[in-house]
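Enquirer: Here the working numbering is used: the first residue of the sequence shown is 1211, the next is one more, and so on.
We put the CB at the ideal spot given by N, CA and C, even for glycine.
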Amino acid sequence: MLNLQKKEISKQDISGLFFLDYFCYEGITNAPRWIRESSLDEVTLTQRLRRLDFSKIKRLRIQTMEELLEPVNLKGHTRKVCEMQNEIFLPHCQKIEWEYGSIYKISWDDLEPNIT
1211 MLNLQKKEIS KQDISGLFFL DYFCYEGITN APRWIRESSL DEVTLTQRLR
1261 RLDFSKIKRL RIQTMEELLE PVNLKGHTRK VCEMQNEIFL PHCQKIEWEY
1311 GSIYKISWDD LEPNIT
């Protein structure tokens, strides 16, 4: 039987992709909301940043997708942090899931349009 499942995503697979995250006040009511975009390449990220009205932006963060793929434990600690604190590391989820929720889990379905 042919295995149609894709291999697990590696940091190499998402090298050069970014996650953009900021708090924006916009519209007639100036209603605040979070804007989050994942899997942006450098060109797309630069275009997004050029279009932003920074007077309406708070807490702008740009993170690499590689960093956000890192597994974390139930406390949100990476393997490296656990080793430094002499704790046993048991992976629970990706760092992006820990920070933003499981809806942001990095998967092949989300990445395919951005990887050539």
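1. Once the 5 residues before and after Thr1274 are set aside, which same chain residues still bring their CB inside 7 Å of it?
2. Does Ile1272 pass the burial test, meaning 16 or more other C-beta atoms within 10 Å, or should it be called exposed?
3. Assuming Glu1307 is part of the alpha helix (DSSP H), what are its boundary residues?
4. Spatial neighbours of Ile1325 within its chain, please: CB distance less than 6 Å, with the 5 preceding and 5 following residues excluded, ordered by chain position.
5. Three-state secondary structure (DSSP) at Asp1320?
Expert: Short version:
1. As a position in the sequence shown, residue 1274 is number 64, starting the count at 1. Excluding sequence neighbours, Thr1274 sits near Phe1228.
2. Residue mapping note: residue 1272 aligns to position 62 of the sequence shown, counting from 1. Its Cβ having fewer than 16 others within 10 Å, Ile1272 is exposed.
3. Against the sequence shown, residue 1307 aligns to sequence position 97. First-last of the alpha helix (DSSP H) with Glu1307: 1305–1310.
4. To locate residue 1325, count along the sequence shown from 1; it is residue 115. Interpretation of Ile1325 is limited by its pLDDT of 49, a score under 50 that renders its predicted location unreliable; the figure taken from the coordinates is listed afterwards. Here the set comprises nothing.
5. In the sequence shown, the residue the question calls residue 1320 occupies position 110. Shown here, Asp1320 sits in a helix according to DSSP, grouped into three states.
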